[in-house]
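Some notes on the structure that comes next.
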Amino acid sequence: MSSFERGSGDRPALSRCVGYEHSTEFAERFWATTPLLTRADELPRPFDDLFSADAADDLISHRALRTPFFRMAVEGSVLNPSAFTSSGGFGAEIADQVSSEKVLAEFAAGATIVLQGLHRTWPPLMDFTRDLAEEIGHPVQVNAYITPASSRGFDPHYDVHDVFVLQIAGEKHWTIHEPVHASPLRDQPWSDHREAVAHRAAGEPHIDAVFRPGDALYLPRGWIHSAEALGGTSIHLTIGVAAYTRADVAQTLISRIGDTEALRTSLPFGIDVADTEQLEPIVRLVVAELQAMLSADMDDRTVPSRQNHAVSAALARRLASAAPPEPVLPLATVDAIAALSGSSVVRWRRSLRATITSDTEVVRISVGGSAAGHSVVLPAEATEAIRRLAQGDAIAVEALPGLDADSALVVVRRLLREAIIVLA
């Protein structure tokens, strides 16, 4: 049996955020440890193709956004949704749709607009964040923060995810301080350290700078920050990276406790769990059993351990669920299947994470994203063609290797129907 996984290839998304042509230099010097401020003249191009004031107005006024894709805040306090939402009227009687009139009133009075989940609602950012997530290897999401002149958004705080900040319009004064709680996990918010954060924010900043259009910042999780708009409306994108951690690996391993009979055993009858003397030998025994469970088959370095496979599969399912591939076009795809010919050009669906395994009889495409998984099985003679498609480049159906004309059409129709490939 052989296996094949599609690689990410060369992508420009990260270099647009950090200025480094090769991601390895950024990874070694800054990833997860140190902020990086990069000015517009050090970056390949501005960000006006990704978002703009016109894009914000379009989303607010014409796209029928609902909460939680939209929120507003004043001096760090989030407004009640009723302050900026209303019913959509006849045929759309849903009470939490964004009201452009209410948004205008609150924004003119100094409220900050937060457009959330733009990686799901604004096409240029859908494509950009998909490429960025594939390059980074962690889930990515995007919010836009639109702040009126001389208004402060949120109090000094830290995030529990890494961020890339892209200044789109206007100017914003950022103040950044070192962490009081390094590398916080998702259940360790800044409010757990409110006093320490306020004390650190009153001291000497690590970065104190005005951001202008085209500037970019990388900020690891845990770094304290606050920002204030200057002179006019400020728009910036915050690209959040929910980095998987060693704690995620540990939790995945611990989740396999139920596989060990000794760890499923009941505690003694009549035990007083408040008695530390009674509990101590049991704790020691459990620790020993955990060590035995976690070290099982790890000594064999010639093959990946069972633990390795379990962690890999679990994290892959999480990533596939958190970072879905590019959307498909159902109507156009059905029409394309009906009209498919040898000259039709197709390609692998971008950011579709799949493992391809083959033997002498079949080739299997296993797509992550659910506990049950999703697999497509085809005859082994399609192996070469599938691997060629998985490289990502567009190719005509008649040019697929290892298949005659009729077989190529059958395979491509199946892969289009299963949303594994799309029309180029």
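Sequential numbering of the sequence shown, starting at 1, is according to UniProt numbering. The beta carbon of each residue, even a glycine, is placed where N, CA and C say it ideally should be.
For residue i versus residue j, is the C-beta spacing smaller than 7 Å?
{"i": "residue 216", "j": "residue 38", "result": "yes"}
{"i": "residue 247", "j": "residue 294", "result": "no"}
{"i": "residue 385", "j": "residue 400", "result": "yes"}
{"i": "residue 326", "j": "residue 230", "result": "no"}
{"i": "residue 328", "j": "residue 390", "result": "no"}
{"i": "residue 85", "j": "residue 100", "result": "no"}
{"i": "residue 140", "j": "residue 133", "result": "yes"}
{"i": "residue 177", "j": "residue 212", "result": "no"}
Determine the direct distance from the alpha carbon of residue j to that of residue i, and round the result to whole angstroms.
{"i": "residue 296", "j": "residue 259", "result": "12 Å"}
{"i": "residue 67", "j": "residue 405", "result": "50 Å"}
{"i": "residue 194", "j": "residue 154", "result": "13 Å"}
{"i": "residue 388", "j": "residue 108", "result": "55 Å"}
{"i": "residue 103", "j": "residue 192", "result": "32 Å"}
{"i": "residue 355", "j": "residue 364", "result": "8 Å"}
{"i": "residue 291", "j": "residue 395", "result": "50 Å"}
{"i": "residue 120", "j": "residue 157", "result": "26 Å"}
{"i": "residue 417", "j": "residue 271", "result": "59 Å"}
{"i": "residue 179", "j": "residue 379", "result": "55 Å"}
{"i": "residue 203", "j": "residue 227", "result": "16 Å"}
{"i": "residue 16", "j": "residue 383", "result": "36 Å"}
{"i": "residue 56", "j": "residue 343", "result": "40 Å"}
{"i": "residue 72", "j": "residue 111", "result": "6 Å"}
{"i": "residue 306", "j": "residue 397", "result": "39 Å"}
In the DSSP assignment, what are the bridge partners of residue i?
{"i": "residue 208", "result": "175"}
{"i": "residue 199", "result": "Answer is none; residue 199 lacks a bridge partner."}
{"i": "residue 378", "result": "363"}
{"i": "residue 20", "result": "Looking at the DSSP assignment, residue 20 forms no beta bridge with any residue, so it has no partner."}
{"i": "residue 223", "result": "Per DSSP, none; premise fails for residue 223."}
{"i": "residue 71", "result": "114"}
{"i": "residue 386", "result": "Paired residue(s): none; residue 386 is not in a bridge."}
{"i": "residue 166", "result": "216, 237"}
{"i": "residue 66", "result": "97"}
{"i": "residue 77", "result": "74"}
Does residue i get closer than 7 Å to chain D when you measure Cβ to Cβ?
{"i": "residue 78", "result": "Here chain D cannot be found, since the structure has a single protein chain."}
### Message
Count Cβ pairs between the region 304 to 315 and the region 241 to 259 that sit closer than 8 Å; are there 3 or more?
### Response
yes
### Query
Is there contact here, the region 80 to 94 with the region 30 to 47, by at least three beta-carbon pairs under 8 Å?
no
#### Entry: Unbroken stretches of the alpha helix (DSSP H), 4 residues or longer, contained in the region 21 to 62
If one requires a minimum length of 4 residues, the alpha helix (DSSP H) runs lying completely within the region 21 to 62 are 23 to 29, 53 to 62, in chain order.
### Query
Counting pairs of beta carbons, one from the region 127 to 135 and one from the region 196 to 209, are three or more of them closer than 8 Å?
no
### Task
Report yes or no: do three or more beta-carbon pairs, one from the region 231 to 242 and one from the region 154 to 164, lie closer than 8 Å?
yes
### Query
Looking at C-beta atoms only, is the number of pairs between the region 342 to 349 and the region 277 to 287 that lie closer than 8 Å three or more?
no
### Query
For the 8 Å Cβ check, are there 3 or more pairs between the region 48 to 62 and the region 112 to 123?
These segments touch.
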